[in-house]
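Each remark here refers to the structure printed beneath this line.
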Amino acid sequence: MKKVKNQLRVGAVMSYINMAIGSLIPMFYTPIMLSILGQDEYGLYRLSASVTSYLSLISFGIGSAIVRYLTKYRFEGDKEGEQNMLGLFNIIFAVIAAVSFVVGTVIAINAGLVYADSLKTEESLHELQLLIFLLTINTSISFLFSPYNAVISCHERFVFLQFTNIIITVITPIVNIIILYLGFANVGMVCSSIFMNIVVMILYWMYVKHSIGIKAKYRNMPFNLLKEILFFSFWIFVANIVNQLYSTTDTLIIGAVPALATIGVAVYNVGSTFNAMMSNFTIGILNVLTPSVNKLVFTKNDPKELTDMMIRIGRIQCYIVGLVCSGFIAFGRQFLTLWVGQSYLDAYWVAIATMVPACVPLVQNVAMNVIVAQNKHRFRSLVYLFIALLNVGGTMLCVNQFGIIGAAVVTGIASIIGQGFIMNWYYWKRINLDIPRFWKNIGKMFLFPVGLCVVFLLVLSFADVNNWILLFAGIAAYTILFIAVNWKFVMNDYEKDIFRVPVKKVASIFNRKK
3 MKKVKNQLRV GAVMSYINMA IGSLIPMFYT PIMLSILGQD EYGLYRLSAS
53 VTSYLSLISF GIGSAIVRYL TKYRFEGDKE GEQNMLGLFN IIFAVIAAVS
103 FVVGTVIAIN AGLVYADSLK TEESLHELQL LIFLLTINTS ISFLFSPYNA
153 VISCHERFVF LQFTNIIITV ITPIVNIIIL YLGFANVGMV CSSIFMNIVV
203 MILYWMYVKH SIGIKAKYRN MPFNLLKEIL FFSFWIFVAN IVNQLYSTTD
253 TLIIGAVPAL ATIGVAVYNV GSTFNAMMSN FTIGILNVLT PSVNKLVFTK
303 NDPKELTDMM IRIGRIQCYI VGLVCSGFIA FGRQFLTLWV GQSYLDAYWV
353 AIATMVPACV PLVQNVAMNV IVAQNKHRFR SLVYLFIALL NVGGTMLCVN
403 QFGIIGAAVV TGIASIIGQG FIMNWYYWKR INLDIPRFWK NIGKMFLFPV
453 GLCVVFLLVL SFADVNNWIL LFAGIAAYTI LFIAVNWKFV MNDYEKDIFR
503 VPVKKVASIF NRKK
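As structure tokens, this is what we get:
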């Protein structure tokens, strides 16, 4: 038990180290990449990635089922059942990989039906088709090995997972910059991604086989559970459709508008990068705690304990969301100007329009894990699907008149309706989570970030922040104030111990050496 807790604690810390590295590296990497590729080439790269991301839907949501069912067998101590289930999932995902390859190839061949008019040259169209085909190969490889990633997560070997993630986070931009300087452009970056993906997937397979001691078995596979797995996965599949509609459809629609095309895609994706960054920071700890949520549901399923966990994790996520979102609103315009130039300033409004509405679901991610573990995610999927379709329709109506900012605002409004109002009602009235108590604890935590942001916006309206030194000095002052006030007036002992305990342990190590 102690070993598991250590894995959780160290895994959570490493997850945030990875998030920090993954957030800092783009500050140096992205301007270099944009200067070499240019807006058109970068937009083409992002467009191909958005198109190919829809291949993830072919998994039919079964990826979430892997974690649930393998955790169940592990919790019951049935190693034989776990290995048979792994064998079944291996076969399922081999089929999914084959189907995704065929579908992706067809999409690549027919990409001109949608983008021939918006892309400037036939050469650009051919490059888009090649990129889609290569990314299809990458996706198929990921499908083949995805059950092994799930096994590592179910066995709570988070140190290995996060260590691997950190290495990839560091190596990827270095390799990409080398490839870009050698002149291989978009195609070279995608090929390097395929190679690194293969290496990582082989590492996962070897770790599961030799360190965890789990081997896929194919003789007594639980085919009788297929119907149950597919029914469970169907609503995850619907939710995945919604996620795709939210995260990539704007890019696809913008790319098809001749007046916007690849340049619009480039600017929009720079803005959405900050929303993704904020999301990654908040889900880092959630990924580590997913098996714990599943166990709590399987053993007790007590609404009070689940609400307590939701509040405990939600408060931690709220500190991160509050700092990142309010800090970006305060300093985002100056940062974008220095980072990628005046031509990307519309990305500031894209980021705000998507980041602010995302704050609500990001501090409630535990609730989403609860309904998935309880197999009660059907309602969420249906609501999100309806709202997502409204988002697509609204974006198509607005994008020609209001451009990329209009697309972002429509997406934000849809998020507020679906992820905010409707889902909070569902968590409260149908799942019996104490949502009023949750917001009583969490809601007041947003007041100080809002006030601090307003003060700094007023100050910056009179200050000319035209170099990195002034900008970083302002961000540092903002961060120190944010942490100091929260530490003094908001944080409880549990939250302070997250920082105090590691510091005390490091101090004790140095004291022993003396």
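The opening residue of the sequence shown carries number 3 in our numbering; numbering runs sequentially from there.
Note that beta-carbon positions come from the ideal geometry of N, C-alpha and C, so glycine has one too.
Where the alpha helix (DSSP H) containing residue i begins and where it ends
i: alanine 465; result: From DSSP, alanine 465 is part of no alpha helix (DSSP H); its letter is neither H nor E.
i: lysine 81; result: 81-111
i: threonine 251; result: 251-257
i: proline 438; result: 437-444
i: phenylalanine 333; result: 305-341
i: asparagine 393; result: 380-417
i: glycine 114; result: 114-117
i: isoleucine 373; result: 367-375
i: tyrosine 220; result: Neither: tyrosine 220 is in no alpha helix (DSSP H) and is coded neither H nor E.
As assigned by DSSP and simplified to three states, the class of residue i
i: glycine 215; result: coil
i: isoleucine 243; result: helix
i: glycine 185; result: coil
i: methionine 279; result: helix
i: arginine 432; result: coil
i: lysine 603; result: Residue 603 lies beyond the range of the chain shown here (3 to 516); nothing can be said about it.
i: methionine 3; result: With a pLDDT of 48 at methionine 3, under the threshold of 50, the modelled position of that residue is not reliable, and the figure given next carries that caveat. Here methionine 3 sits in coil by DSSP.
i: methionine 21; result: helix
i: methionine 16; result: helix
i: glycine 40; result: helix
i: alanine 261; result: coil
i: leucine 347; result: coil
i: valine 192; result: helix
i: valine 492; result: coil
i: glutamate 78; result: coil
i: arginine 159; result: coil
Burial state of residue i (16 or more Cβ within 10 Å)
i: asparagine 468; result: exposed
i: alanine 509; result: exposed
i: threonine 123; result: exposed
i: methionine 16; result: buried
i: glutamine 403; result: exposed
i: arginine 221; result: exposed
i: tryptophan 237; result: buried
i: aspartate 213; result: The sequence shown places serine at residue 213, not aspartate. Flag for serine 213 reads exposed.
i: leucine 449; result: exposed
i: tyrosine 47; result: buried
i: arginine 502; result: exposed
i: phenylalanine 239; result: buried
i: proline 438; result: exposed
i: lysine 4; result: Reliability fails at lysine 4, whose pLDDT of 49 lies under 50, so the model's placement of it is uncertain and the value that follows must be treated cautiously. Exposed.
i: tyrosine 183; result: exposed
i: alanine 465; result: exposed
i: glutamine 344; result: exposed
Residue i Cβ short of 8 Å to the ligand NAD heavy atom set
i: leucine 472; result: Inclusion of the ligand NAD in the displayed structure is not the case, the ligand content being empty and no account of it being possible.
Contact between the region 371-382 and the region 428-435 (3+ Cβ pairs under 8 Å): yes
At least three beta-carbon pairs within less than 8 Å, the region 131-149 to the region 191-199: yes
contact_flag[the region 251-269, the region 390-405] where n(CB pairs < 8 Å) is 3 or more: yes
Cβ pair count under 8 Å reaching 3, the region 378-389 against the region 330-341: no
The region 454-461 touching the region 479-490, judged by at least three CB pairs closer than 8 Å: yes
Contact between the region 139-148 and the region 94-103 (3+ Cβ pairs under 8 Å): yes
Three CB pairs or more closer than 8 Å across the region 205-219 and the region 355-366: no
The region 154-167 contacting the region 70-79, beta-carbon criterion three pairs below 8 Å: yes
Inter-stretch contact (C-beta, 8 Å, three-pair minimum) for the region 405-417 and the region 269-279: yes
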